[in-house]
């Protein structure tokens, strides 16, 4: 039964990853690359959370956890505002 | 003297509850992802940039809810974890889920404030002094 559950979760994980890729591609022309990558990472995070529920060994836990943490950091990084450099000294705005 | 509740029975009952609660969490995450996918496509067709943030918030709330179910499963599992190794693995998973839950909650809060700030004020409420 646990084996069957694992197979179902793996199928669902693949489905969510595919949905994330499609959603990101749909978001790319409408909202730009930052939003598209954030959308993709959100779906990948959902897939990682499901994969974490099936992790049985230390290696599997560490892999799932590290992947989730890296994705979360990337999402936070993409949500930070872009800071433009200040205009160079001596330049005039007419 | 017969045992009122044999340990083996307790282990089986808790294991069943853990599976049910974790399945509920997985179902919540999958349902959230599926609905968010459809909403993302609709927003992309309408080309509403602000709509993407709202749908990301929606998906984030489902992820938090799913994580809470999975954390409930972890708590239940501590009742019957027999070895130090299993308790260690459980602690690692629970820590990761708690940290993700915390940071997802923070992100939802921040994005929610940004959406509220970008929303135009309701007619009749803008401009006038508040009483």
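Residue numbers (this note's numbering), protein chains in the order written: chain Y, 1 to 94; chain X, 1001 to 1131.
Glycine residues also receive a C-beta, built at the ideal position from the N, C-alpha and C atoms.
Select from the stretch 1029-1040 of chain X all residues with a C-beta closer than 8 Å to any C-beta belonging to chain Y, and list them in chain order. 1029, 1030, 1032, 1033, 1034, 1036, 1037 and 1040
Less than 8 Å between the CB atoms is what I'm expecting for residue 1037/X and residue 23/Y, so what's the real figure, rounded? Right, the Cβ-Cβ distance comes to about 6 Å (below 8 Å), so this counts as a contact.
Status (buried if at least 16 other CB within 10 Å, exposed otherwise) for residue 16/Y: buried
CB contact below 8 Å: residue 39/Y versus chain X: yes
Cutoff 8 Å: residue 1113/X Cβ touching any chain Y Cβ: no
Please return the same chain residues whose Cβ sits closer than 7 Å to the Cβ of residue 1051/X, not counting the five positions on each side in sequence. 1043
Would the stretch 1085-1103 of chain X count as touching the stretch 55-71 of chain Y if we require 3 or more Cβ pairs under 8 Å? yes
The alpha helix (DSSP H) enclosing residue 33/Y, as first and last residue numbers: Note, residue 33/Y: alpha helix (DSSP H), 33-52.
Quick one: complete beta strand (DSSP E) runs, 3+ long, within the stretch 1037-1090 of chain X? none
Go ahead and label residue 1102/X buried or exposed: buried means 16 or more other beta carbons lie within 10 angstroms of its beta carbon, across all protein chains shown. exposed
In chain Y, which residues lie less than 9 Å from residue 1102/X when you measure between Cβ atoms? Under the 9 Å cutoff, chain Y gives no residues; its nearest Cβ is about 10 Å from residue 1102/X.
For a quick check, are the C-beta atoms of residue 1069/X and residue 1028/X less than 8 Å apart? yes
Measure from the C-beta of residue 67/Y to each C-beta in chain X and report whether the shortest distance is under 8 Å. no
With a 10 Å radius around its C-beta and 16 neighbouring C-beta atoms as the bar for buried, classify residue 1116/X as buried or exposed. Residue 1116/X is exposed by the Cβ-count criterion.
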